[in-house]
Structure formats: structure tokens, C-alpha cells
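K.L.:
Residue numbers (this note's numbering): 401 to 736.
#1: Which partner residues of residue 578 appear in the DSSP bridge assignment?
#2: Taking C-beta to C-beta, are residue 587 and residue 573 nearer than 8 Å?
#3: Please report the Cβ distance between residue 568 and residue 599, rounded to the nearest whole angstrom; I am assuming they are in contact, meaning their Cβ atoms lie under 8 Å.
#4: Which one or two residues does DSSP pair with residue 557 in a beta bridge?
#5: Taking only the alpha-carbon atoms, compute the straight-line gap between residue 546 and residue 417 and give it to the nearest angstrom.
#6: Rounded to a whole number of angstroms, what is the C-alpha to C-alpha distance between residue 722 and residue 713?
#7: Checking 8 Å against the spacing of the C-beta atoms, do residue 438 and residue 413 come in under that value?
#8: On the DSSP bridge list, what partners appear for residue 593?
#9: Go ahead and pull the three-state DSSP assignment for residue 638.
#10: Could you pull out every residue in the same chain whose Cβ sits closer than 7 Å to the Cβ of residue 643, ignoring the five residues on either side in sequence?
#11: Find out if the Cβ-Cβ distance for the pair residue 678, residue 665 is shorter than 8 Å.
#12: According to the neighbour-count rule (16 or more other Cβ atoms, all chains shown, within 10 Å of its Cβ), is residue 669 buried or exposed?
#13: Would you check if the distance between the CB atom of residue 651 and the CB atom of residue 658 is smaller than 8 Å?
#14: Can you check the region 489-516 for any alpha helix (DSSP H) of at least 4 residues that lies completely inside it and give the ranges in chain order?
#15: Of the choices 595, 454 and 552, whose alpha-carbon is the least far from that of residue 610?
#16: Using only the alpha-carbon positions, how far apart do residue 636 and residue 592 sit?
#17: Report the option in 457, 436, 525 and 464 whose CA atom is closest to the CA atom of residue 448.
#18: Based on the DSSP output, what are the partners of residue 423 in its beta bridges?
#19: For residue 698, list the residues DSSP reports as bridge partners.
#20: Determine the DSSP secondary structure at residue 679, reduced to helix, strand or coil.
#21: My understanding is that residue 603 touches residue 544, with C-beta atoms under 8 Å, so please give their C-beta distance in whole angstroms.
#22: Per the DSSP calculation, residue 452 is bridged to which residue(s)?
#23: If you reduce the DSSP assignment to three classes, tell me which class residue 465 lands in.
#24: Helix, strand or coil for residue 541? Go by DSSP, reduced to three states.
#25: Given residue 401, which residues of its chain have a CB within under 7 Å of its CB, disregarding the five upstream and five downstream residues?
#26: I need the DSSP call for residue 408, collapsed to helix, strand or coil.
#27: Using three-state DSSP, classify residue 750 as helix, strand or coil.
#28: Report buried or exposed for residue 585, applying the criterion of at least 16 other Cβ atoms within 10 angstroms of its Cβ.
#29: Can you tell me which residues form a DSSP beta bridge with residue 609?
#30: Tell me where the alpha helix (DSSP H) around residue 739 begins and ends.
#31: Do you know how far the Cα of residue 706 is from the Cα of residue 693?
#32: If you check the beta carbons only, do residue 597 and residue 685 fall under 8 Å apart?
#33: Rank 628, 549 and 667 by C-alpha distance to the C-alpha of residue 492 and give the top, closest one.
Below you can see the structure in the form of C-alpha cells.
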């Protein structure tokens, strides 16, 4: 509804002071023309909002203007009080602060909204961690967070993925938590870098202020960097026949992207098998997956992988052939 959009637009400008029309359009999921029409509507209603052209321009709300239109909708209340949101903030020692803020907000809500909040807590739980053992952020997360908050430079000692230890001066622009793992987005000599905070060996806050690029937006940068990072992953394509019993399980093992491949696949052959082209990062990763599926999958291409799976399976058979099992060993010990 337009009234909700106008209120959201006003709140964004109240928080940021000024924003480019294209950024407002992206956040509110409308066109720039719609944003300009909304600005005119707010101005006509007496809100001191206007546009400026040129570098540094955009849509501007007069400094000092505040609105008391802070009423929350039912959906907004539910979103705020979904359980589990404080998990990552606990890494920053802000979990208790979030809970205290929510309690204060809860006390200020009408009784009907308080009931909505409790229903949200009991019906939706957000768990950002993966299934594997969670990675410790390390002892330097708070120092890095403090530097980012104060806009101060950092002197970092960092262990790269290959084990090499390097030292860098970084302008900390923001922290990102991805699947329970914390990353630092920083400007360094040579450009923007993303560092895994668990690999930071030492972090010292320097006296110099960091230089924040004009117009930098952390969420926008992360979305673009993530897309480029995924595109840079090595690709090892594998063409394979998949047995009917494995087809419904495959997306659970290799990811939901396989579901689209299954839907686009040619009709099954006479035995009910379908042919898919799957993607892995390495030969070793592909071989491990193929061996795990046993006789429910057959590698067609590449030939090196087909041969590799056959040879490795033969080695496994040879390893176990003739070796006594646990019961046989126990029986031998008793006979002795």
C-alpha cells in the first residue's frame, strides 16, 4: 500500500538524512519515478523533504525533523520477536542487550501485539548455524568490531588459507556473519578484501581514522562480492546416470540446485534412470560423492573419474577381502 511505502520512505530518510533515489527505489522495490512522486506527495503534505542534484545529492529530509509515526504492524511485531535472532549477536556480547531492548519494546506494545510477539517466539525459531561444529570467531572479534564502530584503522596479523602468516593495515568497513562464520570487510593496500576473522592471529587498534569510501554500503558490497566469489569457484562437471531410488534423495545431499536439474532432465530410460550433469569443485570431491552413492549412480563422463571411481572401489574391496570381522576376531581369541 502507498501509505506504508510513504511511511517507510520517511523512516529511511529520518535515519539516513539523505539517500539517492535509486537506493530508495531498491530498498522499497519500486521505480525511481515512483520515489520522486512519493517525495512530491510528502512535500505537499508538509514534510520538509526535497531533492538535490549533482554529486552528493539525492532525496533529503531537513535536519532535525522527526516524526512520531512509529506504530508497528502485526507482521512487524512478529518479525522482531522471532526466536534465535540473538545467537550471532552473542558473539559480539550484544545478546543480552538485544533481549533487554525487546523486553522494553514488548512492555510498550498494546496487549494484542504482546500476544503476537509471544506467538512468534513459540512458532518460529531462527538458527543461523550450520550442522557441522560451529567455528569459533576467535579472541579478536570484539577488537575488530570496536575498530569498525569507531572508524579506526587496524593492524592485523593474519593466517592465509595456505598457512602463510602476513601483516596488513586495514580500514575496517564492516563485519558480516555468514552461516555462523564471521568475516571482516576491509579496505587495504591493493583494494577491498574479505578476511575470515577466525584466522586473525593478532589485532591492534591504531590511532589513525579509517578512510570509508563515499557511498559504501555493506549489504550491497557483500551481495556483489558473494556472487563474484561463487562464480570463481572451480568447476568439475560430471555426467552421470542416476537410479530412481536416488533421485528424490540427491537434492538433500548435493543441494537444492540439483532439484532444478532433475526437473529439466530428459525422460528416464527403460530402467527408470535419468542422466544429469552435476557440478563439483574438484576431482577428489566428485569421486568421494560418487563412491558414497554406490551402485545407485554411474559415472559416464569424464572418463578419468569413471576409471578413478572403479579403481578406488577395487582398492576398498581388496582392503576388506580376507580380513576377519569383529565377531571372527573375538571367536579366534576365545579359541586361543
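For glycine and all other residues, C-beta sits at the position ideal for the given N, C-alpha and C. Keep in mind that this is a model prediction, so the values were computed, not measured.
P.N.:
Looking at the atomic coordinates:
#1: For the purposes of this step, residue 578 is identified with residue 178 of the chain shown, where counting begins at 1. 581.
#2: Residue 587 sits at position 187 when you count from the first residue of the chain shown. Residue 573 sits at position 173 when you count from the first residue of the chain shown. For residue 587 and residue 573, yes; Cβs fall inside 8 Å.
#3: By one-based count along the chain shown, residue 568 stands at place 168. By one-based count along the chain shown, residue 599 stands at place 199. Wrong, their Cβ atoms sit about 12 Å apart, outside the cutoff.
#4: Stepping through the chain shown from its first residue, residue 557 is reached at position 157. The partner list for residue 557 (beta bridge, DSSP) reads 567 and 602.
#5: Taking the chain shown and counting its residues from 1, one reaches residue 546 at position 146. Taking the chain shown and counting its residues from 1, one reaches residue 417 at position 17. Rounded to the nearest angstrom, the two C-alpha atoms are 24 Å apart.
#6: To locate residue 722, count along the chain shown from 1; it is residue 322. To locate residue 713, count along the chain shown from 1; it is residue 313. Approximately 16 Å, taken between the alpha carbons.
#7: Locating residue 438 in the chain shown gives position 38, counting from the first residue. Locating residue 413 in the chain shown gives position 13, counting from the first residue. It is not a contact, given that the beta carbons lie outside the stated cut-off.
#8: Numbered from its first residue, the chain shown carries residue 593 at position 193. Paired residues: 586.
#9: Counting from one through the chain shown, the residue named residue 638 turns up at place 238. Strand.
#10: As a working note, residue 643 is residue 243 in the chain shown. Taken in chain order, the residues that qualify are 673, 696 and 697.
#11: If you number the chain shown from 1, residue 678 lands on position 278. If you number the chain shown from 1, residue 665 lands on position 265. Against a cut-off of 8 Å, the Cβ pair of residue 665 and residue 678 comes out as no contact.
#12: Here residue 669 refers to the residue found at position 269 when the chain shown is read from its first residue. Flag for residue 669 reads exposed.
#13: One-based indexing of the chain shown puts residue 651 at position 251. One-based indexing of the chain shown puts residue 658 at position 258. Yes. Within cutoff.
#14: 495-508
#15: Stepping through the chain shown from its first residue, residue 610 is reached at position 210. Of 595, 454 and 552, the residue nearest in Cα terms is 552.
#16: In the chain shown, counting from the first residue as 1, residue 636 sits at position 236. In the chain shown, counting from the first residue as 1, residue 592 sits at position 192. Looking at the two C-alpha atoms, the distance is approximately 28 Å.
#17: By one-based count along the chain shown, residue 448 stands at place 48. Per the Cα distances, 464.
#18: Working through the chain shown from its first residue, we reach residue 423 at position 23. Answer is none; residue 423 lacks a bridge partner.
#19: For the purposes of this step, residue 698 is taken as the residue at position 298 of the chain shown. Beta-bridge pairing links residue 698 to 641.
#20: For the purposes of this step, residue 679 is taken as residue 279 along the chain shown, with counting starting at 1. The answer is strand: DSSP assigns residue 679 an E or B state.
#21: The residue given as residue 603 occupies position 203 in the chain shown. The residue given as residue 544 occupies position 144 in the chain shown. About 6 Å; that satisfies the 8 Å criterion.
#22: For this step, residue 452 is matched to residue 52 along the chain shown. Residue 452 is bridged to 458.
#23: Numbered from its first residue, the chain shown carries residue 465 at position 65. Of the three classes helix, strand and coil, the one that applies to residue 465 here is coil, per DSSP.
#24: Translated into positions along the chain shown, residue 541 becomes position 141. Of the three classes helix, strand and coil, the one that applies to residue 541 here is helix, per DSSP.
#25: For the purposes of this step, residue 401 is taken as residue 1 along the chain shown, with counting starting at 1. Annotation note: pLDDT 49 at residue 401 (below 50); position unreliable, coordinate value reported separately. Same-chain partners within the cutoff: there are none.
#26: Within the chain shown, numbered from 1, the residue matching residue 408 stands at position 8. In the structure shown, residue 408 sits in a helix (DSSP, three-state: H, G or I).
#27: Outside the displayed span of the chain (401 to 736) sits residue 750, for which this structure offers no information.
#28: Within the chain shown, residue 585 is the residue found at index 185, counting from 1. Under this definition residue 585 is a buried residue.
#29: Residue numbering aside, residue 609 sits at position 209 when the chain shown is read from its first letter. According to DSSP, which records beta bridges pairwise, residue 609 is partnered with 552.
#30: No answer is possible for residue 739: the residues shown for the chain start at 401 and end at 736.
#31: As a first step, residue 693 must be located in the chain shown, where it is residue number 293. As a first step, residue 706 must be located in the chain shown, where it is residue number 306. Approximately 13 Å, taken between the alpha carbons.
#32: Here residue 597 is taken as the residue at index 197 of the chain shown, counted from 1. Here residue 685 is taken as the residue at index 285 of the chain shown, counted from 1. The answer is no: Cβ separation not under 8 Å.
#33: On the chain shown, residue 492 is found 92 positions in, with the first residue counted as 1. Of the listed residues, the one whose Cα sits closest to residue 492 is 549.
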